[in-house]
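To convert, note that position 127 of the sequence shown is 125 in my numbering; the numbers rise steadily by one, no gaps.
Idealized CB from N, CA, C, for every residue including glycine.
Predicted model only: the values in this text are computed from it and were never measured.
Heads up, the thing below is written out as structure tokens.
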Amino acid sequence: AAFLDRMYTNRMSTLHVGSIRYGFMLGLDGMVADDGVAMRLGEDHFLVTTTTGNAAMVLDRFEEWLQTEWPDLRVYCTSVTEQWTDVAVAGPRAREVLDAAGTDIDLSSEAFPFMTFRDGEVAGSPVRVARVSFTGELSYEILVDGRRGLELWEAVMNAGTPFGLTPYGTEAMHVLRAEKGFVIVGQDTDGTVTPDDLGMGWIMRKGDSDFIGRRSLRRADVLRQDRKQLVGLLPNELLPEGAQLVEEDTGRIPMPMIGHVTSSYTSATLGRPIALAMIQRGRARYGETVFAPLPGGTISAEIVPPVFYDLEGTRRDG
């Protein structure tokens, strides 16, 4: 637990067994390097997840710090990615689907709160079920022995047929998470972004205990008032990702760029295009209009908070 406290910005040592906590991992420069969740399986036993492309990097980083900086810590790290299959069941009828598949786990919110996990059975397979959500919907991630992954998938799909269950891929998930303002490290971040830039300063713990990157967060450049900050955009048409943003649509070239689009989708829920962007002093600009000069013309967009849908998070609880 002490090791994870040093690697992540928030405190993992206070996590109760059976609970889950989301966290950021920073570089020495204080910039966001990865995110994921930690599950506390026992007093000295944790399972941590990473972004899809950074699993090897995170394991290498753990080993580097253990071997070169903290060899006194009795910590052993191993990758178990290939040992598990993860099936996420998400949507307002997720509980009904799992009940139909057959489970000995009480799925009610009272017995199984958000950001906890339970061990049990689903469709006859021993599983670990985590109540986490990257879609903003009621969601259960079912972790099963990798050799039984296909068996579990088919059982859940068959059980869900009467409820209209359908597979959804990463593109659909990207739209759903953007509607909720959830970031993807490496897409909405680029190695120059701090947690506070993302509006998530709350994830950095206070007090005297240290974590990697903490000292760099006190640098003058990081404390500048004109840093780019994560915002939402409501454009009049779909914006290309990476588009540069300016304050005036008729300014002289070259125009000063105030930000760029990080994610852009057509939201079926809202019936319109939406986007996430990093814009200078973004949180102070809500309600303002920015422009994206493009080869075929200029697209305008209103700056809004990055959560477009279900601000209260009621859909997460079903």
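query                                                                                                                                                                                        : result
Check whether the segment 216 to 227 touches the segment 273 to 283, taking contact to mean three or more Cβ pairs, one atom from each stretch, closer than 8 Å.                             : yes
Measure the C-alpha to C-alpha separation of Glu300 and Leu174 and round it to an integer number of angstroms.                                                                               : 20 Å
On the DSSP bridge assignment, give the partners of Pro291 in chain order.                                                                                                                   : Thr296
Is Asp194 helix, strand or coil when you go by DSSP?                                                                                                                                         : helix
Taking the alpha carbon of Gly89 as the reference point, which residue from Phe112, Asn234, Thr133 has its own alpha carbon closest?                                                         : Thr133
Name the DSSP bridge partner or partners of Glu119?                                                                                                                                          : Pro124
Hey, Asp343 and Thr49: beta-carbon distance below 8 Å or not?                                                                                                                                : Residue 343 falls outside the range modelled here, since the chain spans only -1 to 316, and no answer is possible.
Tell me which residue opens and which closes the beta strand (DSSP E) that His318 is part of.                                                                                                : Residue 318 lies beyond the residue range present for the chain, which begins at -1 and ends at 316; the question has no answer from this structure.
Kindly give me the distance between the Cβ atoms of Asp194 and Glu139, rounded to whole angstroms, as I take these residues to be in contact under 8 Å.                                      : The Cβ separation is near 28 Å, so there is no contact.
Going by the CB atoms, is the gap between Asp97 and Glu119 shorter than 8 Å?                                                                                                                 : no
On the CB-based measure, 16 or more other CB atoms within 10 Å of its CB, does Gly230 come out buried or exposed?                                                                            : buried
At the level of alpha carbons, what is the spacing between Arg279 and Gly295?                                                                                                                : 26 Å
Nearest to Thr187 by CA position, among Asn8, Val259, Pro271, Gly40, is which residue?                                                                                                       : Val259
With DSSP as the reference, label Arg270 as helix, strand or coil.                                                                                                                           : strand
Give me the Cα-Cα distance between Glu310 and Leu45, rounded to the nearest whole angstrom.                                                                                                  : 29 Å
Can you confirm whether the segment 242 to 262 touches the segment 196 to 207 when touching is taken to mean that 3 or more C-beta pairs between the two stretches lie within less than 8 Å? : no
What is the rounded straight-line gap between the Cα of Tyr74 and the Cα of Pro304?                                                                                                          : 38 Å
Spatial neighbours of Gly158 within its chain, please: CB distance less than 6 Å, with the 5 preceding and 5 following residues excluded, ordered by chain position.                         : Val95
So the beta strand (DSSP E) Gln65 belongs to, where does it begin and stop?                                                                                                                  : Looking at the DSSP string, Gln65 is not in any beta strand (DSSP E); the run it does join, the alpha helix (DSSP H), is 53 to 66.
To the nearest angstrom, how far is the alpha carbon of His43 from that of Ser77?                                                                                                            : 14 Å
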